[in-house]
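What follows is a set of notes on a single structure, which appears directly below.
Number of protein chains: 2
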Amino acid sequence: MPVTIQDVAREAGVSVSTVSRAFTVPEMVRDETRHHVLATAERLGYRPNRAARGLITGKTGNLGVIVPDLSNPFFPNVLKGVQARAREADYAVFLADCDENATEEIALVQAMAKQVDGVILCSSRMSEAQLERVVGTTSLVLINRQVRNQPAVLMDTAGGMRQAAEHLAALGHRRVAYLSGPRASWSNRERRRGLRRAARQDIEVVELGPFAPRFEGGSHAADLALAEGVTAIIAYNDLMALGVMSRLADRGVSVPKEMSVVGFDDIPMAGMATPPLTTVSMQNERAGRAAVDLLVSLLNVTGAEAGDLRRGLECQLIVRASTAVPRDPTGR
Amino acid sequence: MPVTIQDVAREAGVSVSTVSRAFTVPEMVRDETRHHVLATAERLGYRPNRAARGLITGKTGNLGVIVPDLSNPFFPNVLKGVQARAREADYAVFLADCDENATEEIALVQAMAKQVDGVILCSSRMSEAQLERVVGTTSLVLINRQVRNQPAVLMDTAGGMRQAAEHLAALGHRRVAYLSGPRASWSNRERRRGLRRAARQDIEVVELGPFAPRFEGGSHAADLALAEGVTAIIAYNDLMALGVMSRLADRGVSVPKEMSVVGFDDIPMAGMATPPLTTVSMQNERAGRAAVDLLVSLLNVTGAEAGDLRRGLECQLIVRASTAVPRDPTGR
DNA sequence: TGAAACTCTGCAATCCTTTGCAGAGCGCGT
DNA sequence: ACGCGCTCTGCAAAGGATTGCAGAGTTTCA
């Protein structure tokens, strides 16, 4: 029932080759004929079958994106960027959620491989070795993961942490707690690294955790941080920061008067919390777009000269109301 | 470079037909041969090319899902359900975000049509007429949208509203505000309907709005509700409810002592607010799974007898700490 | 022993496009 | 009038898989 190139050819009174060329190499067919063909196609509602085209060109016009967990508020926004940019570049996108599971992730890459021109891996859960192995299955672009000279878009989370540390230092904080996220996570390592480096000079960092990178993890961590006598807390992510604030409120500790709190991610909720949370914003949607750009340019390159394989994205501290000058800079 | 069915055939010393059958109609090839073929395929890392298969079978093994806005926390969860169930049924899923734009949505359906066996439309932004028109382009399943006898999975939001109303009535509230969402939205109409019906007996509902279905819309609405002298507020969704609570806190109105607040959606943030928000939970992930089930069964049906084209999903009131007995049941 | 009845495998057509190659038609110079 | 060079179009193969049909081989039974 769907209309094929043959239908158009017959209706327009030309051969299929001509119809095909009218679409793919317009300058090769006479203006008059081309207009006629295109008009007929339009009238019949013809749209080339991408699968059939892919069979012969070797390009599918699709790309895949794999995320660890859709219900993590971090990912939908990068997905949105991927989606938007892909559509602009006339690619369709396959989505898969690997449920935080590396094995599943590998399976998904392999399942997708034949149907896509390339895959974007968001915060891959694979080990270094596993990643090395799937490289070559298809073109790969990583987001927030660094391995060998794989193409990647990396958020400068270390820089974000530096901004957070400088902000607290400028306010007069001297002893702050870092609430660590999952040990194995690349993001967590980067954040710790950025913080430690920035802190060296004038801030003492006491590191706690790891905690679950969720609201409950934050509630849990809050008490520990309180016992450490710090004046400020930097959480691995906003969810934890929110948990911290909630627990502090329960214990009657006022934020930011008695304790400053900084999050990371700038999830939509951050600005709506009481008090609105100071946090580091990461341009997720931009990251998604950048990944697509990178992938597409990779696909259009002849092979040899690859150009720049890395894209960096700045993070930005958003100062809201959860941070302030400490009452007693040395802790209570 | 990718390994094709021919490679397997050559390597296994059989014809391509046999290899094909070993995969698609195993009982048709002798056990011994089949094992040999399958083993060879495994060894070579062969995976059938779905596009090529689709060309001849007419089935692609893909389905599409279109959402209005990925950054709306409602959708990622249904997406997660779609994704998970699709994978179980061995379908890959195309994702698209139409940016709240009906025209774009239509274009996306058409662009997908050739590449998928069916499309799931989440809370479609199309008008009735537009929807009628795209029906037939491909198999369609709607989520939270009702039109003619199109297959759909519908959340019983009206029922959820009833629960909320009963809850407030039981606490002793007699006059409550409903903060309306977008007028054109099917969900909003359903929620109003459910509330009005449930309220008839013992609650007076004053309807305000429409407001933007976001945090800011809630802040805006809070003052108006306060002026109406109600003892409880039901918001179109959680985002608004959170905005209401934030604004009430600013104005020194204590929740739930002086004002009860009920949300809708049960977004992750709801339970983390202060106080934790009483809200209606909608099984988004289940909805996603149900939509896939419906679509798949639709595809496997011969054509004539279609069976049950509707799936209903119950909503459930989650009572947390933002609702309580009113100080003065008649308002202040 | 021979024929019938199966079971299994291979041939070749088919799905929808793209594309190399060759041919048709035309204009132009000689 | 002829041939050359263009431009444009058509033929047919190719791409990876499925499937109807027919043939090869084996078993069963008379």
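Those sequence lines, one after another, are chains U and H.
Count the first sequence with UniProt numbering and you get residues 1 to 332, in order.
Count the second sequence with UniProt numbering and you get residues 1 to 332, in order.
The beta carbon of each residue, even a glycine, is placed where N, CA and C say it ideally should be.
No experiment lies behind these values; they were computed from the predicted model shown.
(1) How close, in whole Å, do the beta carbons of A9(U) and V19(U) come, if the pair is a contact with beta carbons under 8 Å?
(2) Do A102(H) and S71(H) have their beta-carbon atoms positioned less than 9 Å apart in this structure?
(3) Could you check what DSSP says for G331(U) in three-state terms: helix, strand or coil?
(4) Output the distance between the C-alpha atoms of Q6(H) and R47(H), rounded to the nearest integer angstrom.
(5) Using three-state DSSP, classify residue 333(H) as helix, strand or coil.
(6) Alpha carbon to alpha carbon, how far is V153(H) from R145(H)? Give it in angstroms, no decimals.
(7) Would you identify the three-state DSSP class for T278(U), choosing helix, strand or coil?
(8) Let me know the beta strand (DSSP E) ranges lying completely inside the stretch 203 to 230 of chain H, each 3 residues or longer, listed in chain order.
(9) Looking at the C-beta of R47(U), does it have a partner C-beta in chain H at a distance below 9 Å?
(10) Can you find a CB in chain U that lies within less than 9 Å of the CB of residue 339(H)?
(11) Give the DSSP-derived three-state secondary structure of residue 372(U) in the structure shown.
(12) Would you kindly work out how many angstroms separate the C-alpha atoms of R332(U) and A221(U), rounded to a whole number?
(13) Taking a contact to mean a Cβ-Cβ separation below 9 Å, would you say V141(U) touches L298(U) in this structure?
(14) Put T57(H) into one of helix, strand or coil per three-state DSSP.
(15) Find out if the Cβ-Cβ distance for the pair T138(H), A113(H) is shorter than 9 Å.
(16) Taking the beta carbon of Q163(H) as the centre, do at least 16 other beta carbons fall within 10 Å, making it buried, or is it exposed?
(17) Measure the alpha-carbon distance for P2(H) versus D117(U) and round it to whole angstroms.
(18) What did DSSP end up calling residue 365(H) once you bin it into helix, strand or coil?
(19) Just to confirm my understanding: we take A198(U), look at its own chain, exclude 5 residues before and 5 after, and list those with CB closer than 7 Å. What are they?
(20) Is the Cβ-Cβ distance between L226(U) and L248(U) less than 9 Å?
(21) Using the C-alpha atoms, what's the distance from Q201(U) back to D156(H)?
(22) Count the other C-beta atoms from every protein chain shown that fall within 10 angstroms of the C-beta of K80(U), then say buried if there are 16 or more, exposed otherwise.
(23) Return the CA-CA distance between F74(H) and T274(H), expressed in angstroms with no decimal places.
(24) Just tell me which of L277(U), K257(U), M259(U), E258(U) has its CA closest to the CA of D265(U).
(25) Say whether chain H places a C-beta atom closer than 9 Å to the C-beta of R43(U).
(26) Check this for me: beta carbons of A177(U) and V205(U), under 9 Å apart or not?
(27) Applying a beta-carbon distance threshold of less than 9 Å, which residues of chain U neighbour T60(H)?
(28) Rounded to the nearest angstrom, what separates N237(U) and N188(U) at their Cα positions?
(29) Please confirm if L242(U) has its CB atom under 9 Å from at least one CB of chain H.
(30) Using 9 Å as the threshold, is the C-beta distance between L242(U) and M269(U) below it?
(31) Would you please state the rounded distance, in angstroms, between the beta carbons of A51(H) and G54(U)? I believe it to be under 8 Å.
(32) Against chain U, which members of the stretch 89 to 102 of chain H pass a CB distance test of less than 7 Å?
(33) Tell whether a beta-carbon distance below 9 Å holds between V230(H) and V244(H).
(34) Looking at the unbroken beta strand (DSSP E) that takes in V261(H), where does it start and where does it end?
(35) Starting from S139(H) and walking both ways along the beta strand (DSSP E), at which residues does that stretch end?
Answer, in terms of the structure:
(1) Taking the first residue of the first sequence as 1, we reach residue 9(U) at position 9. Taking the first residue of the first sequence as 1, we reach residue 19(U) at position 19. Yes, they are in contact, since the Cβ atoms of A9(U) and V19(U) sit about 5 Å apart, within 8 Å.
(2) As a first step, residue 71(H) is located in the second sequence; it is residue number 71 there, counting from the start. As a first step, residue 102(H) is located in the second sequence; it is residue number 102 there, counting from the start. No, they are not a contact pair.
(3) For the purposes of this step, residue 331(U) is identified with residue 331 of the first sequence, where counting begins at 1. The pLDDT assigned to G331(U) is 45, lower than 50, so where the model puts this residue is not dependable, and the model offers no usable value.
(4) Start at 1 with the first residue of the second sequence, and residue 6(H) comes out as number 6. Start at 1 with the first residue of the second sequence, and residue 47(H) comes out as number 47. Roughly 12 Å separates the two Cα atoms.
(5) Because chain H is modelled from 1 through 332, residue 333(H) falls outside the range shown and cannot be assessed.
(6) The residue labelled residue 145(H) in the question sits at position 145 within the second sequence. The residue labelled residue 153(H) in the question sits at position 153 within the second sequence. Straight-line Cα distance between these residues: approximately 8 Å.
(7) What you label residue 278(U) is simply residue 278 of the first sequence in a count that begins at 1. Correct three-state label for T278(U): strand.
(8) Counting only runs of at least 3 residues, the stretch 203 to 230 of chain H fully encloses the following beta strand (DSSP E) elements, listed from N- to C-terminal order: 204 to 208.
(9) Here the question's residue 47(U) lines up with position 47 in the first sequence. R47(U) belongs to the set of residues whose beta carbon lies under 9 Å from a beta carbon in chain H.
(10) What the structure shows of chain H is the stretch from 1 to 332, and residue 339(H) is not part of that stretch, so it cannot be assessed.
(11) Here chain U comprises residues numbered 1 to 332, so residue 372(U) is not present and cannot be evaluated.
(12) As a first step, residue 332(U) is located in the first sequence; it is residue number 332 there, counting from the start. As a first step, residue 221(U) is located in the first sequence; it is residue number 221 there, counting from the start. Caution is warranted here: a pLDDT of 45 is assigned to R332(U), below 50, making its placement in the model unreliable, and the coordinate value is therefore given only provisionally. CA-CA distance, R332(U) to A221(U), rounds to 18 Å.
(13) Within the first sequence, the letter at position 141 stands for residue 141(U). Within the first sequence, the letter at position 298 stands for residue 298(U). Cβ distance < 9 Å, so V141(U) and L298(U) count as in contact.
(14) Translated into the one-based positions of the second sequence, residue 57(H) becomes position 57. The answer is helix: DSSP assigns T57(H) an H, G or I state.
(15) Counting from 1 along the second sequence, the entry for residue 138(H) is found at position 138. Counting from 1 along the second sequence, the entry for residue 113(H) is found at position 113. Cβ atoms of T138(H) and A113(H): closer than 9 Å.
(16) Your numbering for residue 163(H) matches position 163 in the second sequence. With 16 or more other Cβ atoms inside 10 Å of its own Cβ, Q163(H) counts as buried.
(17) Position 2 of the second sequence, counted from the start, is the residue given in the question as residue 2(H). Position 117 of the first sequence, counted from the start, is the residue given in the question as residue 117(U). Looking at the two C-alpha atoms, the distance is approximately 13 Å.
(18) Residue 365(H) is absent from the model: chain H starts at 1 and stops at 332.
(19) Within the first sequence, residue 198(U) is the residue found at index 198, counting from 1. The beta carbon of A198(U) sits closer than 7 Å to the beta carbons of M161, R162, A165, E166 from its chain, once the five residues preceding and following it are set aside; these are given in chain order.
(20) As a working mapping, residue 226(U) is identified with position 226 in the first sequence. As a working mapping, residue 248(U) is identified with position 248 in the first sequence. Yes, the pair counts as a contact, with Cβ atoms nearer than the cut-off.
(21) For the purposes of this step, residue 156(H) is taken as the residue at position 156 of the second sequence. For the purposes of this step, residue 201(U) is taken as the residue at position 201 of the first sequence. For D156(H) and Q201(U), the distance between alpha carbons rounds to 58 Å.
(22) Here residue 80(U) refers to the residue found at position 80 when the first sequence is read from its first residue. Its Cβ being crowded by 16 or more others within 10 Å, K80(U) is buried.
(23) Locating residue 74(H) in the second sequence gives position 74, counting from the first residue. Locating residue 274(H) in the second sequence gives position 274, counting from the first residue. Going by the C-alpha atoms only, they are around 21 Å apart.
(24) On the first sequence, position 265 is the one that residue 265(U) refers to. If we check each option's Cα against that of D265(U), L277(U) comes out closest.
(25) Taking the first sequence and counting its residues from 1, one reaches residue 43(U) at position 43. Closer than 9 Å: no.
(26) For this step, residue 177(U) is matched to residue 177 along the first sequence. For this step, residue 205(U) is matched to residue 205 along the first sequence. Yes, they are a contact pair.
(27) In the second sequence, counting from the first residue as 1, residue 60(H) sits at position 60. Counting only Cβ-Cβ distances below 9 Å, T60(H) has contacts in chain U at A51, in chain order.
(28) By 1-based counting over the first sequence, the position of residue 237(U) is 237. By 1-based counting over the first sequence, the position of residue 188(U) is 188. Going by the C-alpha atoms only, they are around 9 Å apart.
(29) Residue mapping note: residue 242(U) aligns to position 242 of the first sequence, counting from 1. At a cut-off of 9 Å between C-beta atoms, L242(U) counts as an interface residue with respect to chain H.
(30) Reading the first sequence from its first residue, position 242 is the one you call residue 242(U). Reading the first sequence from its first residue, position 269 is the one you call residue 269(U). In this structure, L242(U) lies near M269(U), with their beta-carbon atoms less than 9 Å apart.
(31) Taking the first residue of the second sequence as 1, we reach residue 51(H) at position 51. Taking the first residue of the first sequence as 1, we reach residue 54(U) at position 54. The pair is a contact, with the Cβ atoms about 5 Å apart (cut-off 8 Å).
(32) Under the 7 Å Cβ criterion, the stretch 89 to 102 of chain H contributes A92, V93, F94, L95, A96, D97.
(33) Taking the first residue of the second sequence as 1, we reach residue 230(H) at position 230. Taking the first residue of the second sequence as 1, we reach residue 244(H) at position 244. V244(H) sits away from V230(H), with the two beta carbons spaced by 9 Å or more.
(34) Translated into the one-based positions of the second sequence, residue 261(H) becomes position 261. Per DSSP, V261(H) belongs to the beta strand (DSSP E) from 260 to 265.
(35) Within the second sequence, residue 139(H) is the residue found at index 139, counting from 1. Residues 139 to 143.
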